[in-house]
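Peer 1:
2 protein chains.
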Amino acid sequence: MGRCIGTRSIQFEHPVAIRSWATVAGRKEASGKLKRQFDFILEDNIFGEKSWERAEQKMQQYAIELAMEKASLYGHQLDYFLGGDLLNQIIATSYTARNIGAPYFGLYGACSSLVEGMILASCLLDGGFGRRAAVCTSSHHDAAERQLRYPTEMGVQRTLSAQWTVTGSGAYILDQEAGNWYITGAVPGRVIDRGIKNSSDMGSAMAASAVDTISAWLEDMHDLDTLDYIITGDLGKIGYEICRQQLTERGFDIAGKYYDCGMQLYHAEDQDVHAGGSGCGCSAVVLGAKYLPLMAEKQHSRLLLVGTGALLSPLTVQQGQTIPGIAHAVLIEYHQEGSGC
Amino acid sequence: MGRCIGTRSIQFEHPVAIRSWATVAGRKEASGKLKRQFDFILEDNIFGEKSWERAEQKMQQYAIELAMEKASLYGHQLDYFLGGDLLNQIIATSYTARNIGAPYFGLYGACSSLVEGMILASCLLDGGFGRRAAVCTSSHHDAAERQLRYPTEMGVQRTLSAQWTVTGSGAYILDQEAGNWYITGAVPGRVIDRGIKNSSDMGSAMAASAVDTISAWLEDMHDLDTLDYIITGDLGKIGYEICRQQLTERGFDIAGKYYDCGMQLYHAEDQDVHAGGSGCGCSAVVLGAKYLPLMAEKQHSRLLLVGTGALLSPLTVQQGQTIPGIAHAVLIEYHQEGSGC
Numbered sequence: 212m213g214r215c216i217g218t219r220s221i222q223f224e225h226p227v228a229i230r231s232w233a234t235v236a237g238r239k240e241a242s243g244k245l246k247r248q249f250d251f252i253l254e255d256n257i258f259g260e261k262s263w264e265r266a267e268q269k270m271q272q273y274a275i276e277l278a279m280e281k282a283s284l285y286g287h288q289l290d291y292f293l294g295g296d297l298l299n300q301i302i303a304t305s306y307t308a309r310n311i312g313a314p315y316f317g318l319y320g321a322c323s324s325l326v327e328g329m330i331l332a333s334c335l336l337d338g339g340f341g342r343r344a345a346v347c348t349s350s351h352h353d354a355a356e357r358q359l360r361y362p363t364e365m366g367v368q369r370t371l372s373a374q375w376t377v378t379g380s381g382a383y384i385l386d387q388e389a390g391n392w393y394i395t396g397a398v399p400g401r402v403i404d405r406g407i408k409n410s411s412d413m414g415s416a417m418a419a420s421a422v423d424t425i426s427a428w429l430e431d432m433h434d435l436d437t438l439d440y441i442i443t444g445d446l447g448k449i450g451y452e453i454c455r456q457q458l459t460e461r462g463f464d465i466a467g468k469y470y471d472c473g474m475q476l477y478h479a480e481d482q483d484v485h486a487g488g489s490g491c492g493c494s495a496v497v498l499g500a501k502y503l504p505l506m507a508e509k510q511h512s513r514l515l516l517v518g519t520g521a522l523l524s525p526l527t528v529q530q531g532q533t534i535p536g537i538a539h540a541v542l543i544e545y546h547q548e549g550s551g552c
Numbered sequence: 212m213g214r215c216i217g218t219r220s221i222q223f224e225h226p227v228a229i230r231s232w233a234t235v236a237g238r239k240e241a242s243g244k245l246k247r248q249f250d251f252i253l254e255d256n257i258f259g260e261k262s263w264e265r266a267e268q269k270m271q272q273y274a275i276e277l278a279m280e281k282a283s284l285y286g287h288q289l290d291y292f293l294g295g296d297l298l299n300q301i302i303a304t305s306y307t308a309r310n311i312g313a314p315y316f317g318l319y320g321a322c323s324s325l326v327e328g329m330i331l332a333s334c335l336l337d338g339g340f341g342r343r344a345a346v347c348t349s350s351h352h353d354a355a356e357r358q359l360r361y362p363t364e365m366g367v368q369r370t371l372s373a374q375w376t377v378t379g380s381g382a383y384i385l386d387q388e389a390g391n392w393y394i395t396g397a398v399p400g401r402v403i404d405r406g407i408k409n410s411s412d413m414g415s416a417m418a419a420s421a422v423d424t425i426s427a428w429l430e431d432m433h434d435l436d437t438l439d440y441i442i443t444g445d446l447g448k449i450g451y452e453i454c455r456q457q458l459t460e461r462g463f464d465i466a467g468k469y470y471d472c473g474m475q476l477y478h479a480e481d482q483d484v485h486a487g488g489s490g491c492g493c494s495a496v497v498l499g500a501k502y503l504p505l506m507a508e509k510q511h512s513r514l515l516l517v518g519t520g521a522l523l524s525p526l527t528v529q530q531g532q533t534i535p536g537i538a539h540a541v542l543i544e545y546h547q548e549g550s551g552c
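Chains as they are written, first to last, in my numbering: chain A, 212 to 552; chain B, 212 to 552.
1. Please compile the residues from chain A whose C-beta is within a distance smaller than 8 Å of the C-beta of LEU318/B.
2. Give me the Cβ distance between TYR315/A and ILE537/B, rounded to the nearest whole Å; I'm assuming they're in contact under 8 Å.
3. Quick one: list the residues of chain A neighbouring ARG401/B, beta-carbon separation under 8 Å, in chain order.
4. With a threshold of 16 other CB atoms inside 10 Å of the CB of ASP296/B, please say whether the residue is buried or exposed.
5. For HIS433/B and ILE425/B, what's the separation of their Cα atoms in angstroms?
6. Grab the span of the alpha helix (DSSP H) containing TYR451/B for me, first residue to last.
7. Should TYR285/B go down as buried or exposed, given a rule of 16 or more other Cβ atoms within 10 Å for buried?
8. Report the residue from PHE251/B, ASP255/B, GLN288/B whose alpha carbon sits nearest the alpha carbon of HIS352/B.
9. Should GLN268/B be labelled buried (16 or more other beta-carbon atoms within 10 Å of its own) or exposed?
10. Do PRO535/A and SER410/A have their C-beta atoms closer together than 8 Å?
11. For the region 352-394 of chain A, list the alpha helix (DSSP H) runs that are entirely contained and at least 4 residues long, ordered along the chain.
12. Verify the CB distance criterion: does PHE258/A have a CB-CB separation below 8 Å to chain B?
13. When you compare the CB of ILE394/B with every CB in chain A, is at least one pair closer than 8 Å?
14. Comparing alpha-carbon positions, which option in GLY381/B, TRP263/B, PHE251/B lies nearest THR527/A?
15. Measuring CB to CB, does TYR393/A end up less than 8 Å from TYR440/A?
16. Could you tell me how far apart the beta carbons of LEU498/A and GLY381/A are, in whole angstroms, since I believe they sit closer than 8 Å?
17. Could you tell me which residues DSSP pairs with GLU544/B in its beta bridges?
18. Just the chain A side, please: which residues come within less than 7 Å of GLU264/B by C-beta, in chain order?
19. Over what stretch of residues does the alpha helix (DSSP H) that includes SER211/A continue unbroken?
20. Which bits of chain B does TYR291/A rub up against, with CB to CB less than 8 Å?
21. Run the CB neighbour count on LEU402/B, radius 10 Å, all protein chains shown included, and call it buried at 16 or more, exposed below.
22. Measuring CB to CB, does PHE258/A end up less than 8 Å from THR395/A?
23. Is the CB-CB distance between ASP445/B and SER494/B below 8 Å?
24. Relative to the alpha-carbon of GLY488/B, which residue among GLY217/B, GLY237/B, CYS215/B has its alpha-carbon at the smallest distance?
25. Determine, for GLU327/A, whether the minimum Cβ-Cβ distance to residues of chain B falls below 8 Å.
26. Would you kindly check if the distance between the Cβ of THR519/B and the Cβ of LYS408/B is under 8 Å?
27. For GLN301/A and chain B, any beta-carbon pair shorter than 8 Å?
28. Span of the alpha helix (DSSP H) holding ILE275/B?
29. Nearest chain A C-beta to ARG405/B closer than 8 Å, yes or no?
30. Within 10 angstroms of the Cβ of THR554/A, are there 16 or more other Cβ atoms? Answer buried if so, exposed if not.
31. Is the Cβ of LEU425/B closer than 8 Å to any Cβ of chain A?
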């Protein structure tokens, strides 16, 4: 049974192990800073399918199957599957859930869905409602752009504040059994709306929620000194700068600890991604390909992962409404074999 | 801490009370079988707003505020808000979450979202992660039809297998404190796909999941004799008949106990709704306006509420793919004052 600390932070009584994970990424993603650190790299964005949407579902399927293979698990050994994506009706995830066959909770938190799923899965396992859960999210550049902005074939010029929706998927197997990486705490996010209406400036729409969630954690737990990393999902250059500045103004010395997954994936200058990467796939692949391995370089390390989501609806933006944002966080701790949790 | 029973049923250690609820419905809905049993009835479907989507969000706002008023609660007293709707990016719910300000988990389970939210909220409260949560869902006929099928102004002739998306919203406040109605158990749903491709025959797409979930509960708990009601969300006439027949074939004697919310709302013959009501708002208003009050007519009664969802994506249906279904269930028990839970 978990404990609620302070305003809205959660500390798990029985921390949940991240038993295995897998990442699948597109060619453009594999040509970036993380090079070939992904478990599987697509030849091209269509991935042998008839549509980008089918290609997105196939990425999820690969990610979750690879993650299960690493943990020597079969679908029927999963008590829950939680996930989401950016397609309307999160249809890629629904098809994946059908193929896996485990009890399924479909989530929509835009690009915060990975961490939303990690929080709910950890609560389910810590609460005794099961032993093992998979969390998987994805995004696909071309499928997302044609649904949320313009079809990529139109060649519409992108503004400098725009981010590049990542083609990628990450799957994580959470388990009550022992491991090296653990989810030990969480902060569920609140929806915050700063009145942004520009669907090509998601960083500004999400930054305030990230500040709200990170501040809540730091004020509840007073553990900034022992945190090795604070990682936001996909604020990009603009959102990162707003978040960094506002946290500093609130008195949090985050220098040298704070990074954004959206800025860790591509070579910003050479790859024409403008403000950085974004999408449900962004934090999903960067966490698994970069940060979890990085955590293992120390005997014990602590990382606050903050999934950021712009709850953008093209329809209501056309109707003159604003884009609300949300940020969910989990605390991940790494302990070298034998050093305990 | 909860207990897992049998294959995938959950029994809550500390059953969660349904402390209050409220229902908001359209005029057509209020002209049906339940007449004026709703807490608030719209004058018309536009509800004083500029668009149907804004009207849908306003319905949610009314539902949740009325439910909180009945429980003498304010937004800051909610530890969690869970919900969803049928609009792309569940945008109505995101705006409601923004206005309420509580930590928010956005869900997409199509018309099963109410029960998906009730399961997750019950796990959060039983697991000790909070004391109070609100669950709210909605659907709006005109907003849903123009997004998922045809704009209603087109006057496209509806097939006889089509259901009528309900204009309505229901909000439920779950609380660790004592009450009369309790959520005492649950079955999380699996995605099942019978190859249906007709977006005007949701009943057939969902029936198999309902059978799967109800059978799982009955096989795990062996409590059919003491169940007063088994209520599916929105299978409509066609799905109801498939579900009834398949449950009977599996040896479950559900005669006189099994009803579908989609068939309890409208006068099918006079109101031109063909196979019955559907949508996230269907079970949300029928549960609160009809079944929870009905449960109070006995000293102790037990109801299995089965939220059914057709995970329909117009895009992937156009791409030749099928419509998967899901069904989540909760067991609700009523105890007259003093008779205990």
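Positions of the beta carbon are idealized from the N, C-alpha and C atoms, including for glycine.
Peer 2: Taking the coordinates as given:
1. Reading the second sequence from its first residue, position 107 is the one you call residue 318/B. Chain order gives the chain A residues near LEU318/B as PHE316, GLY317, LEU318, TYR319, where near means a beta carbon separation below 8 Å.
2. To locate residue 315/A, count along the first sequence from 1; it is residue 104. To locate residue 537/B, count along the second sequence from 1; it is residue 326. About 7 Å; that satisfies the 8 Å criterion.
3. Along the second sequence, one-based indexing puts residue 401/B at 190. Near ARG401/B (Cβ distances below 8 Å), the residues of chain A are ALA308, GLY312, ALA313, PRO314, TYR315.
4. As a working mapping, residue 296/B is identified with position 85 in the second sequence. Buried, by the Cβ-count rule.
5. The sequence position of residue 433/B within the second sequence is 222, counting from 1. The sequence position of residue 425/B within the second sequence is 214, counting from 1. Each residue's CA atom was taken as its position, placing HIS433/B and ILE425/B some 11 Å apart.
6. As a working note, residue 451/B is residue 240 in the second sequence. 447-460 is the extent of the alpha helix (DSSP H) around TYR451/B.
7. On the second sequence, position 74 is the one that residue 285/B refers to. Classification of TYR285/B: exposed, given that the 10 Å Cβ count is below 16.
8. Walking along the second sequence from the start, residue 352/B turns up at place 141. Nearest of PHE251/B, ASP255/B, GLN288/B to HIS352/B, Cα basis: ASP255/B.
9. Mapped onto the second sequence, residue 268/B falls at position 57. Under a 10 Å Cβ-count criterion, GLN268/B is classified as buried, with 16 or more other Cβ atoms of the shown protein chains found around its own Cβ.
10. Numbered from its first residue, the first sequence carries residue 535/A at position 324. Numbered from its first residue, the first sequence carries residue 410/A at position 199. Their beta carbons are not under 8 Å apart, which means PRO535/A does not touch SER410/A by this criterion.
11. Within the region 352-394 of chain A, the complete alpha helix (DSSP H) runs of at least 4 residues fall at 352-359.
12. By 1-based counting over the first sequence, the position of residue 258/A is 47. Interface annotation, PHE258/A: not in contact with chain B, CB-CB separation never under 8 Å.
13. Walking along the second sequence from the start, residue 394/B turns up at place 183. With 8 Å as the cut-off, ILE394/B does not count as an interface residue toward chain A.
14. In the first sequence, the residue the question calls residue 527/A occupies position 316. Ranking GLY381/B, TRP263/B, PHE251/B by Cα distance to THR527/A puts TRP263/B first.
15. Translated into the one-based positions of the first sequence, residue 393/A becomes position 182. Translated into the one-based positions of the first sequence, residue 440/A becomes position 229. Taking 8 Å as the Cβ cut-off, TYR393/A and TYR440/A do not qualify as a contacting pair.
16. Translated into positions along the first sequence, residue 498/A becomes position 287. Translated into positions along the first sequence, residue 381/A becomes position 170. Rounded to whole angstroms, the Cβ separation of LEU498/A and GLY381/A is 7 Å, and the two are in contact under 8 Å.
17. Taking the second sequence and counting its residues from 1, the one referred to as residue 544/B is at position 333. Bridge partners of GLU544/B: TYR393/B, ARG513/B.
18. Taking the second sequence and counting its residues from 1, one reaches residue 264/B at position 53. When 7 Å is used as the limit between beta carbons, GLU264/B is near these residues of chain A: LEU526, THR527, GLN530, in chain order.
19. This structure gives no information on residue 211/A, because the portion of chain A shown stretches from 212 to 552.
20. Numbered from 1 along the first sequence, position 80 holds the residue referred to as residue 291/A. Close partners of TYR291/A in chain B (Cβ separation under 8 Å): PRO399.
21. The residue labelled residue 402/B in the question sits at position 191 within the second sequence. One detail in the question is off: residue 402/B reads as Val in this sequence, not Leu. That one is buried.
22. The count along the first sequence starts at 1 and reaches residue 258/A at position 47. The count along the first sequence starts at 1 and reaches residue 395/A at position 184. Taking 8 Å as the Cβ cut-off, PHE258/A and THR395/A do not qualify as a contacting pair.
23. For the purposes of this step, residue 445/B is taken as the residue at position 234 of the second sequence. For the purposes of this step, residue 494/B is taken as the residue at position 283 of the second sequence. The answer is yes: Cβ separation under 8 Å.
24. Taking the second sequence and counting its residues from 1, the one referred to as residue 488/B is at position 277. That would be GLY237/B, whose Cα lies nearest to the Cα of GLY488/B.
25. For the purposes of this step, residue 327/A is taken as the residue at position 116 of the first sequence. By this cut-off, GLU327/A is an interface position.
26. For the purposes of this step, residue 408/B is identified with residue 197 of the second sequence, where counting begins at 1. For the purposes of this step, residue 519/B is identified with residue 308 of the second sequence, where counting begins at 1. A distance of 8 Å or more separates the beta carbons of LYS408/B and THR519/B.
27. To locate residue 301/A, count along the first sequence from 1; it is residue 90. Here residue 301/A is Ile; the residue named in the question, Gln, does not match the sequence. By the rule that beta-carbons nearer than 8 Å mark a contact, ILE301/A touches chain B.
28. Walking along the second sequence from the start, residue 275/B turns up at place 64. DSSP places ILE275/B inside the alpha helix (DSSP H), whose first and last residues are 263-281.
29. Here residue 405/B refers to the residue found at position 194 of the second sequence. At a cut-off of 8 Å between beta carbons, ARG405/B makes no contact with chain A.
30. Here chain A comprises residues numbered 212 to 552, so residue 554/A is not present and cannot be evaluated.
31. Your numbering for residue 425/B matches position 214 in the second sequence. This sequence places Ile at residue 425/B; Leu is not what is there. Proximity of ILE425/B to chain A, defined by a Cβ-Cβ separation below 8 Å, is not satisfied.
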